[in-house]
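Engineer: A single structure is presented below for examination.
Numbering (the working numbering), first residue to last: 127 to 949.
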């Protein structure tokens, strides 16, 4: 009865109305004598439902159903996106002394309904108070497109420079801060986080604080000099360096506010400027106002600005300006767009500059490249684009062709297509308007937009349009598409062979004689602009080293790995001899379940790190494939144990970064190994692994969690050889079509005698009758002679490293068998 009384009082006071009718079911709470008497005294009519007619109270019953469904759903909710008690805020410290901190950090949990203030939660004291001067942390999602920020960082502000550094927030000039009486939230000390760990969003490093000031302020002249690339490095104090160490450098900056608008205070815009050409900390100041700039960043990040404004503030701006002008000349020469007035109802696609410093095999910058990119995410499907798929050469195809090229001493060159995506005219159905290039808008064409006539990088359909154009060109030059990899083209004439493997605008040329490549370069240059890069030394971030006298080709990602080590702070850790500890068992039970655990993992770039590892495992490092497959299963909600496993893979790569995937060895025929491990403790799904070797090196490999739950070791091994057989057929087709080679039966090794027998004869009916018919596909392959299964002992099963964590001696042995050797 009490809730009804409260509701009546609220309606009477707020709305000036009376409760005339109360419609309910026949629950005991509504049929009590006291309740009925109360309604009569109030003059309220009571109406009751007939039994078993919930539809008469549809709105209320549906709400009850919603509550029950939420409670009975049974699925563990995904809480990884939640933040502790709402958004971070900065609260002004009232009555502080002159040397005390100006603000302290809290968590905004709502507006107080009884006073004009905000409710702020203090995690360290677990108390809630109402504050008036609260400044919010604006996330990147709330910013306008293309908005940038001015950068001012002050070392004596009471703001935490590094969230992972528990001492950072105390690096102030005085310990007599009023925050000692009522401190902000403590910083989690997570030892598993590397000091130089990158963060995906600058708002997670240091809050952007919207603070009001009496006047607009400009950064000190030396700060401006640093932003212009003209500052001179000066040594900072140890405490200042400690406060800044481990900070990932952002690149977004906002335009300075107008002079008549309130500007940020000294501790408002807590950002750090990306520096150039120094590995020390730069401390610059003017008078008693000291600003700390963290400029310790990786070489790759230092070379590549992330927007036009940052590029203009760098000392190497003339080089980037030249690259931009070259790109504009290409766009203009290709007739990419017409400047028109923007239609009132048109969808205008944004544009941005993307910068890339291209390096040679030694890691030296050989070219500054700028590319104008359309922001295709704003395109409307079915209006401005339709089909989007475009194939690229598979890494397995590239490795297989390189393996044969090494053994046969073929010529291997590379060319780059200039403005590849600018070589296709849009159809009449594709009406696309793009904003003018940022920073290069024509003054006489203010307000106009670019009506695209040709495709542009970033558009959804650009890749497909370029591929269609490429097919037309290659057919005119007498090339055919490979049926099993349609980004591979080949031409055979009078016993001479040439192969072209295309990955967007990178083309790898392989031929039996150098004149074939020379003539091809001349011929294709008549259709598109090209850059002749000579012999192949670098492709898709993979370094290629060739020893022709020994007929060897080596592949390595050392430069890529070293950059990832710097990015995730692994360069400060000791190397390890194995990618995953055999005694380590990772499960979902180790994932965060409480608010504190989520907070510790919130700023760790787990998915980004796993993605970096995945590219290495797919390209040149099959020895880490199993470990990467395991840690990737926890990417949605990783815990500290999972992050430690990721770090261990990096540390193993650090100790083995000098291993090269080598082709041209003693094993010439295509040979495969397939294995399975059915000891998964958590979900009982077995792990399948296979690898195929050609001319001494692995050209294809895979680690995959089986779709079914196997009932025996024989069944899991049988499924594993079926998976491997599909890859064997694909590789056989690729090699046969490109090289006109009649392959004999391909040998596939397995360490399970029962599985081998099952591929030849339909035995063990009682134990195998439940196996799905599609897994019996291997029987047909064995029967027609394409595949020949042979038993090998487990100690010689190369695919064993793809199915389980092994001790260090076995990892080293199988890595060598896969073709990973020191050069």
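Glycine is no exception: its CB is placed at the ideal position from the N, C-alpha and C atoms. None of these values were measured; they are calculated from a predicted model.
I'd like to know if the stretch 524 to 538 and the stretch 492 to 506 are in contact, where contact means that at least 3 CB-CB pairs between them fall below 8 Å.
Structural biologist: Cβ pair count under 8 Å is below three, so no.
Engineer: If I'm right that residue 657 touches residue 809 with Cβ under 8 Å, what's the distance once you round it to whole angstroms?
Structural biologist: No, residue 657 and residue 809 are not in contact; Cβ-Cβ is about 50 Å, not under 8 Å.
Engineer: Closest by CA to residue 761, which one among 552, 736 and 909?
Structural biologist: Ranking 552, 736 and 909 by Cα distance to residue 761 puts 736 first.
Engineer: Can you check DSSP and say which residues form a bridge with residue 632?
Structural biologist: Beta-bridge pairing links residue 632 to 542 and 629.
Engineer: Please specify which runs of the alpha helix (DSSP H), each continuous and at least 4 residues long, are wholly inside the stretch 799 to 881, giving them in chain order.
Structural biologist: The stretch 799 to 881 contains these whole alpha helix (DSSP H) runs: 839 to 865.
Engineer: Put residue 624 into one of helix, strand or coil per three-state DSSP.
Structural biologist: Strand, per DSSP.
Engineer: In terms of residues, what are the limits of the beta strand (DSSP E) holding residue 789?
Structural biologist: Residue 789 -> beta strand (DSSP E) spans 785 to 789.
Engineer: Mind listing, in chain order, the continuous beta strand (DSSP E) runs of no fewer than 3 residues lying wholly within the stretch 238 to 262?
Structural biologist: Entirely contained in the stretch 238 to 262, the beta strand (DSSP E) runs reaching 3 residues are, in chain order, 244 to 248, 253 to 257 and 260 to 262.
Engineer: Taking residue 172 as part of the beta strand (DSSP E), name the residues at either end of that continuous run.
Structural biologist: Run containing residue 172: 171 to 174, per the beta strand (DSSP E) assignment.
Engineer: Mapping the DSSP letters down to three states, classify residue 693 as helix, strand or coil.
Structural biologist: Looking at residue 693 - three-state DSSP - the assignment turns out to be helix.
Engineer: Note down, in chain order, each residue of its chain lying with its Cβ closer than 6 Å to the Cβ of residue 450, except the 5 sequence neighbours on either side.
Structural biologist: Counting only Cβ-Cβ distances below 6 Å, and skipping sequence neighbours, we find 496.
Engineer: Closest to residue 834 by C-alpha separation, out of 862, 826, 852 and 802, would be which residue?
Structural biologist: Comparing Cα positions, the closest option is 802.
Engineer: What would DSSP say about residue 347, mapped onto helix, strand or coil?
Structural biologist: Because residue 347 carries a pLDDT of 43, less than 50, the predicted location of this residue cannot be relied on, and the following value inherits that uncertainty. Correct three-state label for residue 347: helix.
Engineer: Report all residues from its chain with a CB closer than 8 Å to the CB of residue 948; omit the five preceding and five following residues, and keep chain order.
Structural biologist: Closer than 8 Å at Cβ, skipping near neighbours: 784, 785 and 786.
Engineer: Start and end of the alpha helix (DSSP H) containing residue 747?
Structural biologist: That residue, residue 747, is in no alpha helix (DSSP H); it is neither H nor E in DSSP.
Engineer: Please specify which runs of the beta strand (DSSP E), each continuous and at least 3 residues long, are wholly inside the stretch 144 to 195, giving them in chain order.
Structural biologist: Correct list: 147 to 150 and 171 to 174.
Engineer: Cβ atoms of residue 551 and residue 577: under 9 Å apart, would you say?
Structural biologist: Not in contact: residue 577 and residue 551 (Cβ atoms no closer than 9 Å).
Engineer: So, using beta-carbon positions, are residue 181 and residue 150 closer together than 9 Å?
Structural biologist: Going by C-beta atoms, residue 181 is not nearer than 9 Å to residue 150.
Engineer: According to DSSP, what are the bridge partners of residue 566?
Structural biologist: BP columns for residue 566 are empty, so no partner.
Engineer: Distance, Cα to Cα, residue 393 vs residue 254?
Structural biologist: Low local confidence applies: a pLDDT of 34 at residue 393 is under 50, so the model's placement there is unreliable, and no value is given.
Engineer: For my contact list, residue 183 and residue 152 are in at a C-beta cut-off of 8 Å; report their separation, rounded to the angstrom.
Structural biologist: Not quite, the Cβ-Cβ distance comes to about 11 Å (not below 8 Å), so this is no contact.
Engineer: So the alpha helix (DSSP H) residue 434 belongs to, where does it begin and stop?
Structural biologist: Element bounds for residue 434: 434 to 438.
Engineer: What residue from 903, 918, 718 and 912 has the CA that sits closest to residue 878's CA?
Structural biologist: Comparing Cα-Cα distances from residue 878 to each of 903, 918, 718 and 912, the minimum goes to 918.
Engineer: What are the residues that DSSP puts in a beta bridge with residue 671?
Structural biologist: For residue 671, which the question treats as bridged, DSSP gives the partners 680.
Engineer: Residue 585 to residue 638, Cα distance in whole Å?
Structural biologist: Those two C-alpha atoms are separated by around 37 Å.
Engineer: Which residues share a DSSP beta bridge with residue 496?
Structural biologist: Answer is 481, bridged to residue 496.
Engineer: In three-state DSSP terms, what is residue 942?
Structural biologist: If DSSP states are grouped into helix, strand and coil, residue 942 belongs with the helices.
Engineer: Inspect the beta-carbon positions of residue 670 and residue 662 and report whether they are closer than 9 Å.
Structural biologist: Contact flag set, yes.
Engineer: With a threshold of 16 other CB atoms inside 10 Å of the CB of residue 689, please say whether the residue is buried or exposed.
Structural biologist: The residue in question, residue 689, is buried, as its Cβ has 16 or more Cβ neighbours within 10 Å.
Engineer: Going by C-alpha distance, which of 233, 837, 937 and 480 is nearest residue 703?
Structural biologist: Minimum Cα distance to residue 703 is reached at 937.
Engineer: Name the one or two DSSP bridge partners that residue 652 has.
Structural biologist: Per DSSP, none; premise fails for residue 652.
Engineer: From residue 815 to residue 876, what distance separates their C-alpha atoms?
Structural biologist: Approximately 11 Å between the Cα atoms of the pair.
Engineer: Are there three or more Cβ pairs, one per stretch, closer than 8 Å when the stretch 559 to 576 is compared with the stretch 598 to 612?
Structural biologist: Contact between the stretch 559 to 576 and the stretch 598 to 612 is absent, because fewer than three Cβ pairs lie under 8 Å.
Engineer: To the nearest angstrom, how far is the alpha carbon of residue 588 from that of residue 885?
Structural biologist: Spanning the two alpha carbons is a distance of roughly 46 Å.
Engineer: Evaluate contact between the stretch 902 to 915 and the stretch 709 to 719, counting only Cβ atoms and requiring at least three cross-stretch pairs below 8 Å.
Structural biologist: Taking 8 Å as the limit for Cβ pairs, the verdict is that the stretch 709 to 719 does not touch the stretch 902 to 915.
Engineer: Indicate whether residue 932 and residue 828 have their beta-carbon atoms separated by less than 9 Å.
Structural biologist: Their beta carbons are not under 9 Å apart, which means residue 932 does not touch residue 828 by this criterion.
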